[in-house]
Amino acid sequence: MSIVKLLQKKRITHISDDQKPICDKLSKLNHEVNLLKKNKIKIYNSYLKIKKKIKLIEDQVSNLNNKIDFDKIVVKPKISIGFDKRSNTYNCIYDRGKNKHCFYLGNESTIKSKLKPFHTSDICKQSFKSIKSQLIDVIEIGINQYEKEKPNCDLKEINFNLIVRKYIESAKWNTWRVV
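For the sequence shown, position 83 matches number 313 in the numbering used here, and the numbering has no gaps at all.
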């Protein structure tokens, strides 16, 4: 049995004067350890409660996500432009939740020639990186215009010529230049 337990149970009847400060220090340290252990238990219990609350909230979020009908929600599409090094051409990957589609855009000069009417300056000398953001806007507007006209459209029908035509019909461009 340790000295601390003997002190707690008051089984030690006599302590010498030189040992008294050591025993007092032991008693204080033991008391501090006991307080920390109680605090540890409280913290652990609160941790378990928080963990249960998080689990309940995650279950609620999951249930609500399952109830959402994505056909009734308009999701902004994720549009990526990919470069095929083998043929030096660009492809577009269009992703709107369940609808994913990839279509051919053409090589750099073809894309620039189709976007040329929407620029006041000559874009043939500009880098493709500077045109890429406007190309993504054109694709997004063109596909949205196409989907408005045909709500249950087949994405396999979409190509770059159709997108440019729908972009022209939308009249959402900033500048127009006669070529």
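Just so you know, even glycine gets a beta-carbon here, dropped at the ideal spot from N, CA and C.
Not a single unbroken stretch of the beta strand (DSSP E) spanning 3 or more residues falls wholly within the region 350-380. Residue environment analysis places lysine 255 among the exposed positions, since fewer than 16 neighbouring C-beta atoms fall within 10 angstroms of its C-beta. The Cβ neighbour count for phenylalanine 313, taken over all protein chains shown within 10 Å, is under 16; the residue is labelled exposed.
When secondary structure is reduced to three states using DSSP, threonine 319 falls in the strand class. Looking only at Asn318, Leu385, Ile303 and Ile398, the smallest Cα-Cα distance to lysine 346 is reached by Ile398.
Straight-line spacing of the CA atoms in threonine 350 and isoleucine 361 works out to 13 angstroms.
Per DSSP, reduced to three states, the secondary structure at aspartate 254 is helical. Here glycine 336 has Thr319, Tyr320 and Phe390 as same chain residues with Cβ atoms under 7 angstroms from its own Cβ, once five neighbours each way along the sequence are excluded. When the alpha-carbon of serine 310 is set against those of Leu365, Leu278 and Glu262, the nearest one is in Leu365.
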